[in-house]
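Chemist: A single structure is presented below for examination.
Residue numbers (my numbering): 2 to 200.
Written out as structure tokens, the structure reads:
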């Protein structure tokens with residue numbers, strides 16, 4: 002029997018993915034200042050030189066990790082805003098805010114956006130704009146399913162929603178009870194729906 006080994010490109014991709022996964026896990030669990038190339042290498046079970054090989058610098062690694070975190074957020078928000086029952090959508094969205102706070106996503110997203118590296122901050126800002134754009138598309142689709150038409154551009158509603166998502170997420174992450182904040186989330190949606198009319 003001939004034993005097949007992974008091709009070099011496949012091995013390279015697997016190593017890179019493992020390092021990136023370790024960096025994301027560390028960013029979700031600890032302050033960004035605690036994440037080092039050494040700590041990521043240890044968590045990934047590889048040499049620090051391999052981290053350098055795949056990501057060149059700490060900024061390169063943080064930028065790739067930020068991109069992954071925001072891609073995952075965008076996908077999760079896209080799923081949360083599906084459905085035609087507004088109460089279910091509002092509840093799913095609130096659960097996502099609380100879940101992001103619990104998993105460290107809210108804190109990591111904010112911390113990466115305030116990094117001293119222009120490369121990392123640019124990555125976060127670009128990814129944030131993609132999420133806002135996706136929120137706008139999802140809100141537009143939700144309004145259509147509800148047979149509503151917004152009286153202001155959905156892009157503006159999405160900007161407001163992103164600010165509230167980030168703010169509420171950080172409040173929950175800092176220890177404020179989600180039960181205390183949830184009514185404000187429902188109030189935001191009441192305001193959003195008041196900006197619509199029958200299609």
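Note that beta-carbon positions come from the ideal geometry of N, C-alpha and C, so glycine has one too. It should be emphasised that the depicted structure is a prediction, and the values quoted were computed from it without experimental measurement.
Any chance you could list the beta strand (DSSP E) runs of at least 3 consecutive residues sitting entirely within the stretch 167–200, in chain order?
Modeler: The stretch 167–200 contains these whole beta strand (DSSP E) runs: 197–199.
Chemist: Drop a sphere of 10 angstroms on the beta-carbon of residue 101, count the other beta-carbons inside from all chains shown, and report buried for 16 or more, exposed for fewer.
Modeler: In this structure residue 101 is buried. Its beta-carbon is surrounded by 16 or more other beta-carbon atoms within 10 angstroms.
Chemist: Relative to the C-alpha of residue 146, which candidate in 39, 74, 198, 127 has its C-alpha closest?
Modeler: 198
Chemist: From residue 12 to residue 47, what distance separates their C-alpha atoms?
Modeler: 13 Å
Chemist: Would you mind sorting residue 139 into buried or exposed? The rule is 16 or more other CB atoms within 10 Å of its CB.
Modeler: buried
Chemist: For residue 169, which residues of its own chain have a beta-carbon under 6 Å away from its beta-carbon, when the five flanking residues on both sides are left out?
Modeler: 98, 182
Chemist: Taking Cβ to Cβ, would you say residue 29 is nearer than 8 Å to residue 109?
Modeler: yes
Chemist: Would you mind sorting residue 155 into buried or exposed? The rule is 16 or more other CB atoms within 10 Å of its CB.
Modeler: buried
Chemist: Around the C-beta of residue 124, are 16 or more other C-beta atoms found within 10 angstroms, so that it is buried, or is it exposed?
Modeler: buried
Chemist: What is the residue span of the alpha helix (DSSP H) that residue 87 lies within?
Modeler: 87–104
Chemist: Is the beta carbon of residue 74 less than 8 Å from the beta carbon of residue 132?
Modeler: yes
Chemist: Under 8 Å, with one C-beta from each stretch per pair, do the stretch 68–85 and the stretch 34–54 reach the 3-pair mark?
Modeler: no
Chemist: For residue 49, which residues in the same chain have their Cβ closer than 7 Å to its Cβ, ignoring the five residues on either side in sequence?
Modeler: 38, 39, 42
Chemist: Does the beta-carbon of residue 153 have 16 or more other beta-carbons within 10 angstroms, so that it is buried, or is it exposed?
Modeler: It counts as exposed.
Chemist: The alpha helix (DSSP H) that contains residue 63, what's its start and end?
Modeler: 59–81
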